[in-house]
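Here the structure is laid out as structure tokens; the discussion comes afterwards.
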Amino acid sequence: MNRIPDEDLLEAIRELNKKTRKTPPTRDQMDEFGEYYGRSYTLRFGSWNEAVSAAGLEPREPIDSDFLDEPESCPLCKRNEPELDFHHWRYGDEKQGCYLCRNCHDSIHEDEAQPSVNSDWLIKAVENLVNDHLEYHGDLDTHEILSRYNVTSPNLVEYAIQQIESEDDQYD
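Here this note's numbering is used: position 30 in the sequence shown is 117, and no number is missing along the way.
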């Protein structure tokens, strides 16, 4: 097995930082646009922020532990994963989101539910979440979805539920 030198990994962070003009780039950006997978950095350096620091960049502020503690399993699919990803419903000062396993995180962002692809990404992402929640948990309870996934708006959840119910009515 060829081990990638630490300096090559760190240089890839610096290069991605130049490409994305984000200081620093995120682990998700490394997965999507970088030379190596973000998980490689976590395994090698202990965390993404530690790798960013080692690359000479200022890490982003960590999410306050008071904000939301990482659960032992994915709240959507219930799989126990060694590391969950934080899915943001909002960025900036109003950090809002939930931890999900990589598969569920990716499922929520399917069908153009990404801020870089679609200005209405949040509506689509909540629709994907509600669909997945129905599949895994068998219910469409607005309060349960809001509290389990820390979604930004009851209106978005209710809209997604209406979309699912109207699709179901078409097939009845």
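All C-beta atoms in this analysis are idealised placements derived from N, C-alpha and C, irrespective of residue type, glycine included.
Query	Result
Gly-184 - containing beta strand (DSSP E), residue span	183-187
DSSP bridge partner residues for Asn-237 (one or two, in chain order)	Bridge partners of Asn-237: none, in fact.
C-alpha gap between Ser-160 and Gly-225, whole angstroms	18 angstroms
Straight-line gap, Gly-82 to Arg-114 (C-alpha atoms, nearest Å)	Residue numbering for the chain in the displayed model covers 88 to 259; residue 82 lies beyond these limits and cannot be assessed.
The region 129-144 / the region 202-221 touching (three or more Cβ pairs under 8 angstroms)	no
Ordered list of beta strand (DSSP E) runs contained in the region 195-236, each at least 3 residues	none
Closest Cα partner of Ala-247 within the set Ala-212, Ser-234 and Arg-235	Ala-212
Of the listed residues Val-139, Pro-169 and Cys-191, nearest to Leu-163 (C-alpha basis)	Cys-191
Cys-188 vs Leu-216 beta-carbon contact at 7 angstroms	no
Contact check, Gly-184 vs His-175, beta carbons under 7 angstroms	yes
Nearest-angstrom Cβ-Cβ length linking Leu-96 and Tyr-128, presumed shorter than 8 angstroms	6 angstroms
Residue environment, Ile-91, which counts as buried when at least 16 other CB atoms sit within 10 Å	exposed
When Thr-239, Glu-94, Val-139 and Ile-100 are compared against Glu-119, the one with the closest alpha-carbon	Ile-100
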